[in-house]
Amino acid sequence: MVDLDGDNVMELVQATAAGRIYAFRADGSQLPGFPVTTNMARNVATHLGAPAFASGRIAPPSPTTTSRPAIGDLDRDGYPEIVYANIEGDVYVFRHDGTRAPGFPVRIDPALSAVALRTKTNHLKTGILGSPVLADLDGDGFLDIVVAAMDQHVYAWDRRGSLLPGWPVKIQDPAPGPGETPVGAESINTPVVADLAGDGHLEVVIETNEVYRASGNANQFFPNEQNNPTSVPGLNTGTVLAAAFAAAGGSGRIYALHHDGNLHPGGPFVAGWPVKLDGLAIDILPLIGPGHNVAVGDMDPSPGLEIAASLTTSNLVLFRPDGTRLRDMDPSAHGPLSDTAQDNSSVLNLFEYPAIGDIDRDGNLDLTKVGVTLNGLVDLVLVGQNEPFHHVLQAWNAATGQPLDGFPRVIDDFGLTTVPLLANVGPTIDPGVDPGGTLDLPELISGNGLYLVHAFDFTGREPAGWPKLTGGWHTGAPAAGDIDDDGRLDIAWPTREGNYFLWDTPAPMCNTATTANLDGRDGAYNPQVNYRNNNLAGEDTVPPARLAPRDVVTSSTDLATNAITVTTSRIPGDDLYCGTAAKFDFRFSTAGPITTQTQFDAATPVASVPAPLRGNHDAGASLTVRDGRFAGQVVFLAAQVVDHAGNLSPVTSLGSFAFAPPTTTTTTSSSTTSSTTASTTTTSTATTTSVTATTSTTAAPTTTTRPPHPPRRTTTTRPTTTTASTTTTTRPPHPHPPPN
Numbered sequence: 019m020v021d022l023d024g025d026n027v028m029e030l031v032q033a034t035a036a037g038r039i040y041a042f043r044a045d046g047s048q049l050p051g052f053p054v055t056t057n058m059a060r061n062v063a064t065h066l067g068a069p070a071f072a073s074g075r076i077a078p079p080s081p082t083t084t085s086r087p088a089i090g091d092l093d094r095d096g097y098p099e100i101v102y103a104n105i106e107g108d109v110y111v112f113r114h115d116g117t118r119a120p121g122f123p124v125r126i127d128p129a130l131s132a133v134a135l136r137t138k139t140n141h142l143k144t145g146i147l148g149s150p151v152l153a154d155l156d157g158d159g160f161l162d163i164v165v166a167a168m169d170q171h172v173y174a175w176d177r178r179g180s181l182l183p184g185w186p187v188k189i190q191d192p193a194p195g196p197g198e199t200p201v202g203a204e205s206i207n208t209p210v211v212a213d214l215a216g217d218g219h220l221e222v223v224i225e226t227n228e229v230y231r232a233s234g235n236a237n238q239f240f241p242n243e244q245n246n247p248t249s250v251p252g253l254n255t256g257t258v259l260a261a262a263f264a265a266a267g268g269s270g271r272i273y274a275l276h277h278d279g280n281l282h283p284g285g286p287f288v289a290g291w292p293v294k295l296d297g298l299a300i301d302i303l304p305l306i307g308p309g310h311n312v313a314v315g316d317m318d319p320s321p322g323l324e325i326a327a328s329l330t331t332s333n334l335v336l337f338r339p340d341g342t343r344l345r346d347m348d349p350s351a352h353g354p355l356s357d358t359a360q361d362n363s364s365v366l367n368l369f370e371y372p373a374i375g376d377i378d379r380d381g382n383l384d385l386t387k388v389g390v391t392l393n394g395l396v397d398l399v400l401v402g403q404n405e406p407f408h409h410v411l412q413a414w415n416a417a418t419g420q421p422l423d424g425f426p427r428v429i430d431d432f433g434l435t436t437v438p439l440l441a442n443v444g445p446t447i448d449p450g451v452d453p454g455g456t457l458d459l460p461e462l463i464s465g466n467g468l469y470l471v472h473a474f475d476f477t478g479r480e481p482a483g484w485p486k487l488t489g490g491w492h493t494g495a496p497a498a499g500d501i502d503d504d505g506r507l508d509i510a511w512p513t514r515e516g517n518y519f520l521w522d523t524p525a526p527m528c529n530t531a532t533t534a535n536l537d538g539r540d541g542a543y544n545p546q547v548n549y550r551n552n553n554l555a556g557e558d559t560v561p562p563a564r565l566a567p568r569d570v571v572t573s574s575t576d577l578a579t580n581a582i583t584v585t586t587s588r589i590p591g592d593d594l595y596c597g598t599a600a601k602f603d604f605r606f607s608t609a610g611p612i613t614t615q616t617q618f619d620a621a622t623p624v625a626s627v628p629a630p631l632r633g634n635h636d637a638g639a640s641l642t643v644r645d646g647r648f649a650g651q652v653v654f655l656a657a658q659v660v661d662h663a664g665n666l667s668p669v670t671s672l673g674s675f676a677f678a679p680p681t682t683t684t685t686t687s688s689s690t691t692s693s694t695t696a697s698t699t700t701t702s703t704a705t706t707t708s709v710t711a712t713t714s715t716t717a718a719p720t721t722t723t724r725p726p727h728p729p730r731r732t733t734t735t736r737p738t739t740t741t742a743s744t745t746t747t748t749r750p751p752h753p754h755p756p757p758n
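This is the structure:
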């Protein structure tokens, strides 16, 4: 969920297997310009004479996609772009209004996966299965597009569609081991771009589907399996199984690439990479494995960031920036509140991906992903056994590798390619954990193939109304945000069958009950989402709200102090209305209105502006700016909000303000003196907090009457009375823009 059109209300952006991108409002209507469609699939061109196409009754199809669009402000104009990749290896960029950005689509190099190059040990393909990631790879201040392809290369384009120097980079182990030759294999995953070592340069972390001989190290599997109550008495089941699988299993590869790719002295690979990771049955399902998406975050006191990585049937492992192995997440341990009694064996990772967040709110980062208990693998390998097993949601303290109290948690079916979302969707319902029902704990939102979407807190409990039944298979990750503009968090998730579900929650959009969130911004945006598809814990990709024209209640001038006061009904924050922005940037011009980013960049910064207030969805403030250069001019004023990560709101033109010449003294023939001054007071129709650079007297403002608002789309009644710093006001939510 993201605000595409700059009205401070989120839309739901979704790509489909039909090659279309939708932008839904809360009522199910589309933004103008959507849905957008990509070009016709290349292999259809020779069949356009077929009756189905020639008759016009069936439109030629577009290439399908399995990826999630990345959303970011590529040109830094305050409006986001949508970056989309498809199975034919094309990358598109669409503007916020649905038009295509110039220079796109671009395509991966088909010569790198030509049919003549393909063999059993060089199984490359032309296409993209993973999602594009946005990051400023070359350090020029603008986001670039990074994508891994099935031709075993990582590509990087700038915002105009030009390949960055040094890219693409081939990701293949040049020295896999004694007696082994490099394997040509797809990369089906989404990279992570992060400054691993903290040296100011970004690295790209990505896996491939390469499979080599296993190391034969049995000690890395099932460390506590001898304590498993379902083990055979007198036999260390874990040791036997581990030894067998270590001999029969395989080894995959994880890469870290320098920001400048092939131009880096010594080559594109970071020292110590690629790293090897063994799996028990690593190639059990080719193509959708063994490669997994990785997650990156600061999960240990040691310098730099840690990389959480797994492969099919491997452990989930933390690696240091230099590629050394830090610790494994214990696959055999079960928390005291876990419900895995029927099969309490070790848990294996199949085709699910990890996520990072502070699940138990103890100030330390945790890891989570879906898995399956050991008997599940036995059933896959030994057909017809039908041993009882569990599908589970796992969660560990990343600093210790031990499970959280309520995990592993039994779920209903495979969670193939799913990624849990951490979000606070409601208070726990267990009186033993939270007698007052007010404990502000986030939940792990996780779906699976048996139609249910769960929401577990760290104890394994679910809030009232969960799980949700959709009747469809879930893949990928849910979306979270405030699409109906009521200040409450909404959760959305489509099914594989093409049905979209959207749920209201009672939880506030802004998680203000905790004093410090994952990224250190007090009251920051609650869910751990990343618009840019970058699975980097704590990266702020959510822009601030704008000083929207509809939120400006009054504006006035003070000729005596060269001041302009703007009274708003809402206060922009760091993430939409959550947290506190870094800067309210006011600029002026005497040449004409400021309506574009180019005009704003060329305008003059106002000399004295107020410090940002804490964001507020339901109450506003009076903001006063001053500049001696206003005197004697007609001033055109505009504003832009900037957050601590440098994300921009759209520019808002606040209108023109006439400043008469300053106060003058006139001497008459009878030697009497007269003065003219202006002194009036300010009134407002909304709850406001007055914020000025210095004390000022303002001219009487005009008052506007806001139109009535439509009722919410649910029957649930929520109070809209909110308390500001000094007074209380009742205001309904803003209306949505009219549907098409």
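In the numbering used here, the protein residues as written are 19 to 758. All C-beta atoms in this analysis are idealised placements derived from N, C-alpha and C, irrespective of residue type, glycine included. All values derive from a computational prediction rather than experimental measurement.
Residue from the options with nearest C-alpha to residue i
i, options, result
"threonine 208", "Pro78, Asn552 and Val314", "Asn552"
"glutamine 617", "Phe654, Ala274 and Pro562", "Phe654"
"aspartate 423", "His408, Asp357 and Pro481", "Asp357"
"proline 372", "Ile582, His282, Leu411 and Asp431", "Leu411"
"isoleucine 429", "Gly394, Val388 and Ala441", "Val388"
"alanine 441", "Pro668, His492, Arg506 and Asn466", "Arg506"
"aspartate 108", "Ile89, Gly67 and Met168", "Met168"
"threonine 493", "His114, Pro308, Arg564 and Asn517", "Asn517"
"proline 426", "His408, Thr226, Glu228 and Phe432", "His408"
"aspartate 645", "Phe675, Pro630, Asp23 and Ala639", "Phe675"
"threonine 559", "Tyr273, Leu666 and Val27", "Leu666"
"valine 101", "Pro79, Arg125 and Pro78", "Arg125"
"cysteine 528", "Gly591, Val437, His472 and Ala495", "Gly591"
"arginine 113", "His141, Thr575, Arg178 and Pro69", "Arg178"
Limits of the beta strand (DSSP E) - the one that residue i falls within
i, result
"asparagine 90", "The displayed chain sequence assigns glycine, not asparagine, to residue 90. From DSSP, the beta strand (DSSP E) with glycine 90 extends over 88-90."
"aspartate 295", "Looking at the sequence itself, residue 295 is leucine, so the reference to aspartate does not match. Unbroken beta strand (DSSP E) run through leucine 295: 293-297."
"glutamine 412", "409-415"
"valine 109", "108-112"
"proline 512", "506-512"
"aspartate 346", "343-346"
"histidine 171", "171-175"
"leucine 147", "No beta strand (DSSP E) holds leucine 147; DSSP gives it neither H nor E."
"isoleucine 8", "Because the chain spans 19 through 758 in this model, residue 8 falls outside it and cannot be assessed."
"threonine 139", "Neither: threonine 139 is in no beta strand (DSSP E) and is coded neither H nor E."
"phenylalanine 160", "First-last for phenylalanine 160: undefined, no H or E at that position."
"glutamate 515", "No beta strand (DSSP E) contains glutamate 515, which DSSP labels as neither H nor E."
Coarse secondary structure for residue i, derived from DSSP in three states
i, result
"alanine 215", "coil"
"glycine 1", "Given that the chain is displayed from residue 19 to residue 758, the structure contains no residue 1 and the question cannot be resolved."
"tyrosine 543", "Note that tyrosine 543 scores 40 on pLDDT, short of 50, meaning its location in the model is unreliable; the coordinates nonetheless yield the value given after this. Three-state DSSP puts tyrosine 543 in a strand."
"glutamine 403", "coil"
"serine 328", "coil"
"alanine 129", "helix"
"leucine 152", "strand"
"alanine 581", "strand"
"glycine 394", "helix"
"aspartate 115", "coil"
"proline 524", "strand"
"proline 737", "The pLDDT assigned to proline 737 is 33, lower than 50, so where the model puts this residue is not dependable, and the model offers no usable value."
"alanine 203", "coil"
"glycine 424", "coil"
"arginine 568", "helix"
"glycine 279", "helix"
"glycine 359", "Looking at the sequence itself, residue 359 is alanine, so the reference to glycine does not match. Reduced to three states, the DSSP call for alanine 359 is coil."
Checklist entry - Do the segment 187-200 and the segment 219-234 touch if we need at least three Cβ pairs shorter than 8 Å? => result Output reads yes: the segment 219-234 touches the segment 187-200.
Checklist entry - Which whole runs of the beta strand (DSSP E) in the segment 20-103 are 3 residues long or more, in chain order? => result 30-33, 38-42, 88-90 and 99-103
Item to check | Inter-stretch contact at 8 Å, needing at least 3 Cβ pairs: the segment 477-487 / the segment 426-445 | outcome: yes
Checklist entry - In chain order, which alpha helix (DSSP H) runs of at least 4 residues are fully inside the segment 600-666? => result 615-620
Item to check | Segment contact flag, the segment 311-319 with the segment 412-432, C-beta cutoff 8 Å, min 3 pairs | outcome: yes
Next on the checklist: If contact is defined by three or more beta carbon pairs under 8 Å, each pair taking one atom from either stretch, is the segment 379-387 in contact with the segment 278-287?
Outcome noted: Segments in contact, no.
Checklist entry - Is the segment 135-143 close to the segment 60-67, with three or more CB pairs under 8 Å? => result These segments do not touch.
Checklist entry - Counting pairs of beta carbons, one from the segment 576-589 and one from the segment 43-63, are three or more of them closer than 8 Å? => result no
Checklist entry - Would the segment 596-606 and the segment 656-673 be scored as touching if the rule is three or more Cβ pairs under 8 Å? => result Three or more Cβ pairs drawn from the segment 596-606 and the segment 656-673 lie within less than 8 Å of each other, which places the two stretches in contact.
Next on the checklist: Three or more C-beta pairs under 8 Å: does that hold for the segment 331-342 against the segment 293-302?
Outcome noted: Result yes; three or more Cβ-Cβ pairs closer than 8 Å.
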